[in-house]
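In mature numbering (1 follows the signal peptide of the UniProt record, and there is no 0), the protein residues as written are -20 to -1, 1 to 590. All C-beta atoms in this analysis are idealised placements derived from N, C-alpha and C, irrespective of residue type, glycine included.
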């Protein structure tokens, strides 16, 4: 899938300011075999006349409305096409033209958009730390309380997620205004929020790992010799191209740190506070400097350097983008994946898994999986409406719908996993009122880019037809009150009871559990970060420190890549010293002082849900 650090960002999400915190006999049924309830639901989804109506009259959908969506997390730019485009066209008569700073320009693009005085109609921020409050200060965002917009057209948000709107008002709206809504919101603050899979792995090519004897992994460094044996066993893919263990990309880096040097910290129970110098423990009041030699950021740079020296690191890593890496997973050229939604989602086609080939979790001894937990206040990803947006009531109606069970069932998984897709095509409701995945759905989920969607559902391939905003509205693992099952199709009873593939059967037999999440929970290897709110405005950097921090972040990012591709250990060490000397000279101590205050703020916020 295409995901961004928001997930990474989003799943790596720690609310700084304010937060702390496979089926049964019905899964092969055809759409025509569903109940009247399902047919009525599908009919309702495509009928603009059935949208919520405010007290002063219904919204007029007769004229098409093309919206500019500026997303700092999207990995796609241009017109939204395919099945999701058809759904929003039929239901709301809306079209989306997506502008993605993640693809071109990064922070420079964001700054240019802000300077223009117009961020577009819908704006998605990867976090709420700098760009979002700056957009508020610049009067670039619409207040949802203006003209009672939220109460009239966002009634489901108001009724279902009051804590999230409370946080929005207090943290960023001076107690009276609402400029956006958090991502991954939930109605229950307890437990791990992930679905069948956790956010991180690590996942290895399970078939090759078994073929080399499935050696025990006692530490993260132990993966390297195992991966080398796997590479030697299968040095090239079916097309004769060289295989690698790791393949990196830089287009998620932004202007701070090397994004792919933080994942092992997540597998040790820590996560970063974005744009600060600390990593914080999920379930304890502990933090550490990410530039300290013992930190997993620095250890990751050493690991990638060692991997490169062993011929395990893809040399294209310096220049390629995320989509290039996705293609390599799909082509069977990679052996390691940090995320289940990357390796498995692109290589584990039905053909491969039926043959016993594919990616699966291979944990290491001492792994402690970080979980963001359910968040009633919403994550730090934000969706907003532009101050100059035309017909904001139609935009508010759409956003509200995405936070309803109907909207969530369609997009559940977007930004974190494979989305459910259109009812009646990829999934439906059986006679017992329970959701199940159709035969077409299993094909689409396993091979998204090669599965063509019927024209009546929007056409095109399944992958590019999905919601390209890269924003998860409701936590997919949350229970849908209409079905009493999670929104995520991977967690449906019909899915878990489905006949497993050869790959799944082998993995389950050896691991003694049905899912990766069950492995971590059963073995008490999960650290849940409570997601709370201090009840106060968040602590923000002043402009001077913010500028210093950006300069420091750029230095760290540039030197991190140089260190990974250093010629030898001596050069690695030399670059490391240069990096530390430069950031210290730029005021790293001041950033660290602020970062500690942010950690303390986080700890205070967690107490609100404990």
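| Check | Outcome |
| --- | --- |
| Please state if the CB of residue 171 and the CB of residue 466 are separated by a distance shorter than 8 Å. | no |
| Go through the segment 452 to 516 residue by residue and report every complete run of the beta strand (DSSP E) that reaches 3 residues or more, in order. | 506 to 508 |
| With 16 as the cutoff for other CB atoms within 10 Å, does residue 212 come out buried or exposed? | exposed |
| Taking 8 Å as the cut-off, decide whether the C-beta atoms of residue 310 and residue 326 are in contact. | yes |
| Give the range of the beta strand (DSSP E) segment to which residue 437 is assigned. | That residue, residue 437, is in no beta strand (DSSP E); it is neither H nor E in DSSP. |
| Note down, one range per segment and in chain order, each beta strand (DSSP E) of at least 3 residues found wholly within the segment 231 to 299. | 250 to 252, 258 to 261, 267 to 269 |
| Is the separation between the beta-carbon of residue 283 and that of residue 201 shorter than 8 Å? | yes |
| How should residue 360 be labelled, buried or exposed, when 16 other C-beta atoms within 10 angstroms of its C-beta is the threshold for buried? | buried |
| Determine the contact status of residue 224 and residue 304, defining contact as a CB-CB distance below 8 Å. | no |
| Quick one, which of 370, 243, 319, 222 has its alpha-carbon nearest residue 496's? | 319 |
| Look at the Cβ atom of residue 452, then the Cβ atom of residue 164, and state whether they are nearer than 8 Å. | yes |
| Would you tell me roughly how many angstroms separate the C-alpha atoms of residue 43 and residue 515, rounded to the nearest one? | 42 Å |
| Ignore the nearest five residues each way along the sequence and tell me which others in residue 22's own chain have a CB closer than 6 Å to its CB. | Because the pLDDT of residue 22 is 38, which lies under 50, any placement of that residue in the model is unreliable, and the number read from its coordinates should be weighed accordingly. These residues qualify, in order along the chain: 403, 404. |
| Determine the burial state of residue 166: buried for a count of at least 16 other Cβ atoms within 10 Å of its Cβ, exposed for fewer. | buried |
| Taking the beta strand (DSSP E) that residue 185 falls in, what are its first and last residues? | 183 to 185 |
| Just to confirm the assignment, what range does the alpha helix (DSSP H) spanning residue 377 have? | 372 to 382 |
| Using a Cβ-Cβ cut-off of 8 Å (strictly less than) and excluding sequence neighbours within five positions of residue 576, which residues of its own chain qualify? | 258, 267 |
| Identify the continuous alpha helix (DSSP H) that holds residue 206 and give its terminal residues. | 203 to 213 |
| Indicate the three-state DSSP secondary structure (helix, strand or coil) for residue 122 in the structure shown. | coil |
| Step through the CB atoms of chain C and report whether any lies within less than 8 Å of the CB of residue 328. | Note that chain C does not occur in the displayed structure, where there is just one protein chain. |
| Looking only at C-alpha atoms, which of 113, 424, 197 sits nearest to residue 331? | 424 |
| Quick one: what does DSSP say residue 323 is sitting in, helix, strand or coil? | helix |
| Where residue 436 and residue 448 are concerned, what is the direct C-alpha to C-alpha distance, given to the nearest angstrom? | 20 Å |
| Along the chain, where does the beta strand (DSSP E) that runs through residue 408 open and close? | 407 to 409 |
| Looking only at its own chain, which residues have a Cβ that is under 6 Å from the Cβ of residue 579, when we skip the five neighbours before and after it? | 258, 260, 267 |
| Rounding to the nearest angstrom, what Cα-Cα distance links residue 501 and residue 456 in this structure? | 18 Å |
| Considering only heavy atoms of the ligand MN, does any lie closer than 7 Å to the CB of residue 194? | Summarising the ligand content, the structure contains no ligands, and the ligand MN is consequently not present. |
| If I measure Cβ to Cβ from residue 428 and keep anything under 6 Å in the same chain, skipping five residues before and after, which residues do I get? | 442, 443 |
| Would residue 122 pass as a contact of residue 99 if the rule is Cβ separation under 8 Å? | no |
| Which one of 46, 345, 406 has the shortest CA to CA distance from residue 181? | 345 |
| Where residue 255 and residue 69 are concerned, what is the direct C-alpha to C-alpha distance, given to the nearest angstrom? | 38 Å |
| Straight-line CA distance for residue 406 to residue 426? | 12 Å |
| Let me confirm a value: residue 55 is counted as buried when at least 16 other C-beta atoms fall within 10 Å, else exposed. Which label applies? | buried |
| Cβ of residue 136 within 8 Å of Cβ of residue 384? | yes |
| Tell me whether residue 340 sits in a helix, a strand or coil according to DSSP, three-state version. | strand |
| If contacts are defined as beta-carbon pairs under 8 Å, then residue 400 and residue 390 qualify, I think. What distance do you get, rounded to the angstrom? | 6 Å |
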